[in-house]
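Trainee: Residue numbers (this note's numbering): 1 to 135. Here's a structure for you.
Given below as C-alpha coordinates:
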(Lines of atoms letter the chains of each structure in order from A and count residues from 1; the text may use other names and numbers.)
(Lines give C-alpha, C1' and ligand atoms only; values in the text may rest on other atoms or scores of the structure.)
Protein backbone atom coordinates (compact mmCIF):
# COMPACT_ATOMS: atom_id res chain seq x y z
CA UNK A 1 0.00 0.00 0.00
CA UNK A 2 2.87 2.36 0.85
CA UNK A 3 4.48 1.65 -2.53
CA UNK A 4 1.27 2.52 -4.37
CA UNK A 5 0.91 5.75 -2.39
CA UNK A 6 4.56 6.62 -3.09
CA UNK A 7 4.07 6.01 -6.83
CA UNK A 8 0.92 8.17 -6.88
CA UNK A 9 2.73 10.95 -5.02
CA UNK A 10 5.72 10.81 -7.37
CA UNK A 11 3.40 10.87 -10.36
CA UNK A 12 1.61 13.91 -8.97
CA UNK A 13 4.93 15.68 -8.39
CA UNK A 14 5.99 15.04 -11.99
CA UNK A 15 2.65 16.17 -13.41
CA UNK A 16 2.33 19.31 -11.30
CA UNK A 17 6.04 20.05 -11.39
CA UNK A 18 6.05 20.06 -15.16
CA UNK A 19 3.21 22.60 -15.34
CA UNK A 20 4.62 25.85 -16.62
CA UNK A 21 3.36 29.25 -15.62
CA UNK A 22 2.49 31.57 -18.46
CA UNK A 23 5.08 34.31 -18.99
CA UNK A 24 4.11 37.94 -19.44
CA UNK A 25 5.01 37.69 -23.13
CA UNK A 26 2.88 34.57 -23.57
CA UNK A 27 -0.02 36.35 -21.88
CA UNK A 28 0.34 39.36 -24.20
CA UNK A 29 0.37 37.07 -27.22
CA UNK A 30 -2.73 35.20 -26.04
CA UNK A 31 -4.56 38.40 -25.10
CA UNK A 32 -4.05 39.96 -28.52
CA UNK A 33 -4.98 36.77 -30.36
CA UNK A 34 -8.25 36.80 -28.40
CA UNK A 35 -8.74 40.52 -28.99
CA UNK A 36 -8.31 40.08 -32.74
CA UNK A 37 -10.69 37.12 -32.79
CA UNK A 38 -13.40 38.93 -30.82
CA UNK A 39 -13.01 42.57 -31.85
CA UNK A 40 -11.58 42.68 -35.37
CA UNK A 41 -12.16 43.91 -37.91
CA UNK A 42 -13.66 47.11 -36.56
CA UNK A 43 -13.75 50.70 -37.73
CA UNK A 44 -11.99 53.16 -35.44
CA UNK A 45 -13.18 56.07 -37.57
CA UNK A 46 -15.03 56.34 -40.90
CA UNK A 47 -11.85 55.80 -42.93
CA UNK A 48 -9.76 53.48 -40.75
CA UNK A 49 -10.40 49.83 -39.93
CA UNK A 50 -8.40 47.90 -37.36
CA UNK A 51 -7.84 44.47 -38.93
CA UNK A 52 -5.76 42.83 -36.22
CA UNK A 53 -3.48 43.30 -33.25
CA UNK A 54 -0.74 40.81 -32.53
CA UNK A 55 2.18 40.42 -30.20
CA UNK A 56 5.51 38.97 -31.29
CA UNK A 57 7.32 37.36 -28.37
CA UNK A 58 10.75 37.27 -30.00
CA UNK A 59 10.90 40.98 -30.81
CA UNK A 60 8.59 42.01 -27.93
CA UNK A 61 6.52 44.05 -30.38
CA UNK A 62 2.82 44.80 -30.28
CA UNK A 63 1.59 45.44 -33.82
CA UNK A 64 -1.64 47.05 -34.93
CA UNK A 65 -2.62 46.45 -38.55
CA UNK A 66 -5.03 48.91 -40.12
CA UNK A 67 -6.61 49.37 -43.54
CA UNK A 68 -7.54 52.85 -44.74
CA UNK A 69 -10.17 53.80 -47.28
CA UNK A 70 -11.82 56.80 -48.94
CA UNK A 71 -9.85 60.03 -48.45
CA UNK A 72 -7.05 58.29 -46.50
CA UNK A 73 -6.53 55.74 -49.28
CA UNK A 74 -4.36 58.08 -51.34
CA UNK A 75 -0.59 57.73 -51.25
CA UNK A 76 -0.09 61.38 -52.22
CA UNK A 77 -1.43 62.67 -48.89
CA UNK A 78 1.32 60.94 -46.90
CA UNK A 79 3.85 63.74 -47.18
CA UNK A 80 6.71 64.02 -44.71
CA UNK A 81 4.79 66.72 -42.86
CA UNK A 82 1.65 64.58 -42.52
CA UNK A 83 3.63 61.49 -41.52
CA UNK A 84 5.54 63.46 -38.88
CA UNK A 85 2.32 64.96 -37.50
CA UNK A 86 0.67 61.54 -37.41
CA UNK A 87 3.73 60.00 -35.75
CA UNK A 88 3.88 62.78 -33.15
CA UNK A 89 0.18 62.28 -32.33
CA UNK A 90 0.55 58.54 -31.79
CA UNK A 91 3.72 59.05 -29.76
CA UNK A 92 1.95 61.54 -27.49
CA UNK A 93 -0.99 59.14 -27.08
CA UNK A 94 1.43 56.37 -26.09
CA UNK A 95 3.20 58.60 -23.60
CA UNK A 96 -0.02 59.62 -21.87
CA UNK A 97 -2.01 56.40 -22.21
CA UNK A 98 -3.04 54.78 -18.95
CA UNK A 99 -4.45 51.79 -20.87
CA UNK A 100 -1.00 51.03 -22.28
CA UNK A 101 0.82 51.41 -18.95
CA UNK A 102 1.26 47.67 -18.38
CA UNK A 103 2.79 47.23 -21.82
CA UNK A 104 4.96 50.32 -21.49
CA UNK A 105 6.18 49.14 -18.06
CA UNK A 106 7.35 45.94 -19.77
CA UNK A 107 9.31 48.02 -22.30
CA UNK A 108 7.69 46.61 -25.41
CA UNK A 109 7.83 48.14 -28.88
CA UNK A 110 4.66 49.38 -30.56
CA UNK A 111 4.21 49.06 -34.31
CA UNK A 112 1.44 50.50 -36.49
CA UNK A 113 0.91 49.89 -40.18
CA UNK A 114 -1.76 51.35 -42.42
CA UNK A 115 -2.57 49.66 -45.74
CA UNK A 116 -4.44 50.89 -48.75
CA UNK A 117 -7.79 49.22 -49.37
CA UNK A 118 -7.36 49.56 -53.13
CA UNK A 119 -3.72 48.47 -53.60
CA UNK A 120 -2.95 46.54 -50.41
CA UNK A 121 0.32 48.47 -50.13
CA UNK A 122 1.50 49.90 -46.82
CA UNK A 123 0.98 53.67 -46.85
CA UNK A 124 2.24 54.38 -43.35
CA UNK A 125 4.50 52.32 -41.11
CA UNK A 126 5.40 53.58 -37.63
CA UNK A 127 7.38 51.99 -34.79
CA UNK A 128 7.85 53.30 -31.26
CA UNK A 129 10.45 51.88 -28.90
CA UNK A 130 10.59 52.41 -25.11
CA UNK A 131 12.95 55.35 -25.71
CA UNK A 132 10.28 56.99 -27.91
CA UNK A 133 7.50 56.84 -25.32
CA UNK A 134 9.60 57.59 -22.26
CA UNK A 135 10.26 54.21 -20.62
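Every residue gets a Cβ at the ideal spot worked out from N, C-alpha and C, and that includes glycine. Computed from a predicted structure; not experimentally measured.
Between which two residues does the beta strand (DSSP E) harbouring residue 126 extend?
Mentor: As a working mapping, residue 126 is identified with position 126 in the chain shown. 122-128 is the extent of the beta strand (DSSP E) around residue 126.
Trainee: Contact check, residue 32 vs residue 54 under 8 Å by CB: the rounded distance?
Mentor: Residue mapping note: residue 32 aligns to position 32 of the chain shown, counting from 1. Residue mapping note: residue 54 aligns to position 54 of the chain shown, counting from 1. Contact flag correct, Cβ pair sits at about 5 Å.
Trainee: With a CB to CB cut of under 6 Å and the five nearest residues on each side skipped, what residues in its chain are close to residue 125?
Mentor: Taking the first residue of the chain shown as position 1, residue 125 is located at position 125. Answer for residue 125: 113, listed in chain order.
Trainee: Inspect the CB distances between the segment 47-63 and the segment 87-95 and report whether three or more fall short of 8 Å.
Mentor: Short answer: they don't touch.
Trainee: Where residue 102 and residue 49 are concerned, what is the direct C-alpha to C-alpha distance, given to the nearest angstrom?
Mentor: On the chain shown, position 102 is the one that residue 102 refers to. On the chain shown, position 49 is the one that residue 49 refers to. Rounded to whole angstroms, residue 102 to residue 49 spans 25 Å at the Cα level.
Trainee: Roughly how many whole angstroms lie between the Cα atoms of residue 27 and residue 68?
Mentor: Start at 1 with the first residue of the chain shown, and residue 27 comes out as number 27. Start at 1 with the first residue of the chain shown, and residue 68 comes out as number 68. Looking at the two C-alpha atoms, the distance is approximately 29 Å.
Trainee: With residue 106 and residue 24 assumed to form a contact (beta carbons below 8 Å), what rounded beta-carbon distance in angstroms separates them?
Mentor: Numbered from 1 along the chain shown, position 106 holds the residue referred to as residue 106. Numbered from 1 along the chain shown, position 24 holds the residue referred to as residue 24. Sure, about 6 Å apart at Cβ, within 8 Å.
Trainee: Would DSSP call residue 119 helix, strand or coil?
Mentor: Residue 119 sits at position 119 when you count from the first residue of the chain shown. Reduced to three states, the DSSP call for residue 119 is coil.
Trainee: Return the chain-ordered list of same chain residues with a C-beta closer than 8 Å to the C-beta of residue 205, the five sequence neighbours on each side being excluded.
Mentor: Residue 205 is absent from the structure shown; the chain starts at 1 and stops at 135.
Trainee: Compare the Cα-Cα distances from residue 45 to each of 82, 70 and 133 and report the closest residue.
Mentor: The residue labelled residue 45 in the question sits at position 45 within the chain shown. Selected option, being the one with the closest Cα: 70.
Trainee: Would you report the Cα separation of residue 37 and residue 95, rounded to the nearest angstrom?
Mentor: Translated into positions along the chain shown, residue 37 becomes position 37. Translated into positions along the chain shown, residue 95 becomes position 95. Distance between the alpha carbons of residue 37 and residue 95: 27 Å.
Trainee: Do you know offhand how far residue 80's Cα is from residue 127's?
Mentor: As a first step, residue 80 is located in the chain shown; it is residue number 80 there, counting from the start. As a first step, residue 127 is located in the chain shown; it is residue number 127 there, counting from the start. When rounded, the distance between both Cα atoms is 16 Å.
Trainee: Enumerate in chain order the residues of its own chain whose CB-to-CB distance from residue 35 is below 8 Å, with the five nearest sequence positions on each side excluded.
Mentor: Locating residue 35 in the chain shown gives position 35, counting from the first residue. Answer for residue 35: 53, listed in chain order.
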